[in-house]
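All remarks here apply to the structure that follows.
Protein chains: 2
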Amino acid sequence: MSRRRAASAASGASGLVPRLLASYRDITLEALLSNLPARRPAYLYELIPEYPRRPGKGLRAALCLATCRALGGRLERALDSAVAIELFHNAFLVHDDVQDGSERRRGGPTLSAEHGVGIAVNVGNAMTLLALGRLRANRERLGPSLAWRILAESEEMMRHSLEGQALELAWIRDNACDLTEDDYFRMCLKKTSWYTCIYPCRVGALIATDGRFEVGRLDRFGWYLGAAFQIQDDLLNLAGDYASYGKEIAGDLWEGKRTLMLIHLLRTASEPVRERVRRFLGKSRGERTEQEIRWLLGLLAESGSLDFARRAARELAEVALAEGMVALGDVPDSEDKSFLLQMVRYVIERDR
Amino acid sequence: MSRRRAASAASGASGLVPRLLASYRDITLEALLSNLPARRPAYLYELIPEYPRRPGKGLRAALCLATCRALGGRLERALDSAVAIELFHNAFLVHDDVQDGSERRRGGPTLSAEHGVGIAVNVGNAMTLLALGRLRANRERLGPSLAWRILAESEEMMRHSLEGQALELAWIRDNACDLTEDDYFRMCLKKTSWYTCIYPCRVGALIATDGRFEVGRLDRFGWYLGAAFQIQDDLLNLAGDYASYGKEIAGDLWEGKRTLMLIHLLRTASEPVRERVRRFLGKSRGERTEQEIRWLLGLLAESGSLDFARRAARELAEVALAEGMVALGDVPDSEDKSFLLQMVRYVIERDR
Numbered sequence: 133m134s135r136r137r138a139a140s141a142a143s144g145a146s147g148l149v150p151r152l153l154a155s156y157r158d159i160t161l162e163a164l165l166s167n168l169p170a171r172r173p174a175y176l177y178e179l180i181p182e183y184p185r186r187p188g189k190g191l192r193a194a195l196c197l198a199t200c201r202a203l204g205g206r207l208e209r210a211l212d213s214a215v216a217i218e219l220f221h222n223a224f225l226v227h228d229d230v231q232d233g234s235e236r237r238r239g240g241p242t243l244s245a246e247h248g249v250g251i252a253v254n255v256g257n258a259m260t261l262l263a264l265g266r267l268r269a270n271r272e273r274l275g276p277s278l279a280w281r282i283l284a285e286s287e288e289m290m291r292h293s294l295e296g297q298a299l300e301l302a303w304i305r306d307n308a309c310d311l312t313e314d315d316y317f318r319m320c321l322k323k324t325s326w327y328t329c330i331y332p333c334r335v336g337a338l339i340a341t342d343g344r345f346e347v348g349r350l351d352r353f354g355w356y357l358g359a360a361f362q363i364q365d366d367l368l369n370l371a372g373d374y375a376s377y378g379k380e381i382a383g384d385l386w387e388g389k390r391t392l393m394l395i396h397l398l399r400t401a402s403e404p405v406r407e408r409v410r411r412f413l414g415k416s417r418g419e420r421t422e423q424e425i426r427w428l429l430g431l432l433a434e435s436g437s438l439d440f441a442r443r444a445a446r447e448l449a450e451v452a453l454a455e456g457m458v459a460l461g462d463v464p465d466s467e468d469k470s471f472l473l474q475m476v477r478y479v480i481e482r483d484r
Numbered sequence: 133m134s135r136r137r138a139a140s141a142a143s144g145a146s147g148l149v150p151r152l153l154a155s156y157r158d159i160t161l162e163a164l165l166s167n168l169p170a171r172r173p174a175y176l177y178e179l180i181p182e183y184p185r186r187p188g189k190g191l192r193a194a195l196c197l198a199t200c201r202a203l204g205g206r207l208e209r210a211l212d213s214a215v216a217i218e219l220f221h222n223a224f225l226v227h228d229d230v231q232d233g234s235e236r237r238r239g240g241p242t243l244s245a246e247h248g249v250g251i252a253v254n255v256g257n258a259m260t261l262l263a264l265g266r267l268r269a270n271r272e273r274l275g276p277s278l279a280w281r282i283l284a285e286s287e288e289m290m291r292h293s294l295e296g297q298a299l300e301l302a303w304i305r306d307n308a309c310d311l312t313e314d315d316y317f318r319m320c321l322k323k324t325s326w327y328t329c330i331y332p333c334r335v336g337a338l339i340a341t342d343g344r345f346e347v348g349r350l351d352r353f354g355w356y357l358g359a360a361f362q363i364q365d366d367l368l369n370l371a372g373d374y375a376s377y378g379k380e381i382a383g384d385l386w387e388g389k390r391t392l393m394l395i396h397l398l399r400t401a402s403e404p405v406r407e408r409v410r411r412f413l414g415k416s417r418g419e420r421t422e423q424e425i426r427w428l429l430g431l432l433a434e435s436g437s438l439d440f441a442r443r444a445a446r447e448l449a450e451v452a453l454a455e456g457m458v459a460l461g462d463v464p465d466s467e468d469k470s471f472l473l474q475m476v477r478y479v480i481e482r483d484r
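In order, the protein sequence lines correspond to chains L and Y. Heads up: the first sequence is residues 133 to 484, going by my numbering. Heads up: the second sequence is residues 133 to 484, going by my numbering.
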């Protein structure tokens, strides 16, 4: 299949991606909710379903389950790992909201806004703990050797995520204004691609092949897919519709996040403009004003930085598709294989 | 040996406890620091040694190593686990400081006060991640079966710690003013005893006996020892000397913590006094005044609540010693066995 035909198939209105996403999301959520500890003490386990139950894409668990099935594995064998992946993801979200001081998540208040930082940090930790429990359950289902392997993969994923988060926090703290697009992509690989795409695909593939899969094979697919996903997320953050996006619009600007478009703006703007942006970024969140946010939004549009990011997302998606086709070249056609390839277009066309 | 003679031996000025504590602390700290990831990115791994390097007791790692040696195990086999225990402990401290909004820890600023909540949450998570890495390293040194077992013990410890933390946070959030001493002891078992004493002793014993140790055997010793330790900590918090204690004096009152003495005061005070204390506890940290703190400190002393707590710590220590002597009854005498038993008196006589 030529790249053009594949891309065209991927863009079809078949609805395969939304359908399988919804199906895998339901399966994972049910497994997640079916096995939570008793409700006591208050403000702990009862808060764990909050984020998972709100409208979310369920992308990460779906990538794990679809990769497992596309490579000939049974879904049930990957289910504990898919639940662990969703729990890790939600733990990151809860802590991320604490770290960024965010107010809204998936259309509702963040846990920290509603219950305070203390309880939110604790609930995030409990999610990580339950994820570890699911990975330990793999020992029964998959045998000790494969279970250890997946535990090691999980540790590597956590390491990348924490390092990516550290990079982003450091840029804000140090008011870094001389970053390059390469800096952004390095951060994005660690902060987004690894845990959103590379890790779920690796785990699904390892389970399908009983550990025989050469894990690096899907990495490039996952890396470009994750980068395209993150840039689309940054675009939605600035220009999305709150009703579907579910977070504060322009929250990234309030937080001073170093997105691809902001880095592009800082690199291409005239010195006086750059200096004004730098002063804005040097303020704390509370010092920033509505007016400044509107000014910066206009600037990002006029300077071509939004277009630059849109183009980058499209180009990354194209490379992701090509990499996916190479990586899955000798894998028999199936709904799950199509799902993985069509995911590429989905992540840059989604509106939430 | 009679209980009286044991207690007298335990109180001896032999200096065994400080000496072995310092020795085990050095060994563990060196192993911890010798294997940290590279320094980049900024604000992550470079901050991990911060708390471990500040003056601390190293109690938890020492309990693990001493239990292992007292039961005939080699120290080297328990070293990765001891490092994991210290890393878990420091992760709790870093997150606890975020959760409580604390300013000082071990004589220096808290990570959150110095670097912000975002970076502190991340560093705490990185400590937990590195602890997991040490537990995975157990697979090489101890074999997969014992390594899984210790992982399961670690998960149970984390569960108790998070549940204990949730209890304490919930009491503050809901302004619980009708707690009983039993409520306190339940919280204390989960929040303190499990990860401070029960878990380190269990792990040390499992390693010494290659998993054959009946883990429950040291639990009662650990439980009473941990409770005595926590009450002494609460007493030092109110009345300690900052130079040796290293935290804000009366920080617990600023934070509204439900300590044993506060619960005793609420239970025994006259209704008008109770009502005033309740109103004080209903305020946020920022609304409380220096004057109120001094008033409450005086009240705790006059009402006999401090004496009540001191008596409770002594009684718990006595029971801990008795339980330790039963649990270790058939264990040959050794320096490490003496260390474990003398620890009982140390925890209630320490000034930091």
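Glycine included, each C-beta is placed from N, C-alpha and C at the ideal position.
Skipping 5 residues on each side, what residues in its chain have a beta carbon closer than 7 Å to that of residue i?
i: G233/L; result: R417
i: E481/L; result: none
i: R406/Y; result: L398
i: E235/Y; result: P241, T242, A245 and E380
i: S470/L; result: L148
i: L283/L; result: L267
i: T400/Y; result: S435
Here's a check: name, in chain order, each residue in its chain whose Cβ is nearer than 8 Å to the Cβ of residue i, leaving out the five neighbours to either side.
i: Y175/L; result: H247, I251, N254 and V255
i: S140/Y; result: Because the pLDDT at S140/Y is just 44, under 50, the model does not fix this residue reliably, and the value given afterwards should be weighed accordingly. Nothing listed; no residue qualifies.
i: Y316/L; result: R390, T391, L392 and I395
i: E218/L; result: T160, L161, L164, P184, G190, R192 and A193
i: G188/Y; result: R157 and R238
i: E285/Y; result: Y331, R334, V335, L338 and V347
Report the CB separation of residue i from residue j in whole angstroms; it is logged as a contact under 8 Å.
i: H333/L; j: T199/L; result: For the sequence presented, residue 333/L should be read as Cys rather than His. Right, their Cβ atoms sit about 5 Å apart.
i: A449/L; j: V476/L; result: 5 Å
i: R186/L; j: G239/L; result: 6 Å
i: I339/L; j: S213/L; result: 7 Å
i: G296/L; j: K322/L; result: 3 Å
i: A263/Y; j: A223/Y; result: 7 Å
How far does the alpha helix (DSSP H) with residue i in it extend, from its first residue to its last?
i: A337/L; result: Y331 to A340
i: V409/L; result: E403 to G414
i: V249/L; result: V249 to L274
i: E387/Y; result: G383 to E387
i: C320/L; result: E313 to C320
i: D306/Y; result: Taken as a continuous stretch (DSSP letters only), D306/Y belongs to no alpha helix (DSSP H), as it is neither H nor E.
i: I469/Y; result: Note on identity: in this sequence residue 469/Y is Lys, with Ile being the wrong assignment. Note, K469/Y: alpha helix (DSSP H), E467 to E481.
i: A444/L; result: S437 to A459
i: V149/L; result: L148 to L165
i: S325/Y; result: From DSSP, S325/Y is part of no alpha helix (DSSP H); its letter is neither H nor E.
i: G358/L; result: D351 to A371
Using CA atoms only, rank isn't needed, just tell me which of the options is closest to residue i.
i: A452/L; options: F353/L, A263/L, Q474/L and L338/L; result: F353/L
i: R172/L; options: P150/Y, R318/Y, A223/Y and L191/Y; result: R318/Y
i: D306/Y; options: A154/Y, L413/Y, E182/Y and S466/Y; result: L413/Y
i: G265/Y; options: D483/L, E287/L and R266/L; result: E287/L
i: A359/L; options: G205/L, A444/L, A308/L and R206/L; result: A444/L
i: D342/Y; options: A401/Y, T400/Y, W303/Y and N270/Y; result: N270/Y
i: A382/Y; options: A401/Y, E424/Y and E346/Y; result: E424/Y
i: E467/Y; options: L203/Y, E178/Y, A170/Y and S166/Y; result: L203/Y
i: R420/Y; options: P404/Y, S402/Y, L460/Y and G388/Y; result: G388/Y
i: M289/Y; options: R344/Y, W355/Y and R484/Y; result: W355/Y
i: P150/L; options: L195/L, S402/L and E182/L; result: L195/L
i: V226/L; options: E455/L, L153/L, E182/L and A308/L; result: E182/L
i: N167/Y; options: Q474/Y, R291/Y and M259/Y; result: M259/Y
Skipping 5 residues on each side, what residues in its chain have a beta carbon closer than 6 Å to that of residue i?
i: S293/Y; result: Y327
i: L299/L; result: M319
i: S437/Y; result: M393, H396 and L397
i: Q362/Y; result: C320 and T324
i: H221/Y; result: R192
i: E178/Y; result: R171
i: C309/L; result: L398 and R410
Among all the DSSP beta bridges, which residues are the ones paired with residue i?
i: G240/L; result: R237/L
Under 7 Å Cβ-Cβ, which residues of chain A neighbour residue i?
i: P173/Y; result: In the displayed structure, chain A is absent; the protein chains listed are L and Y.
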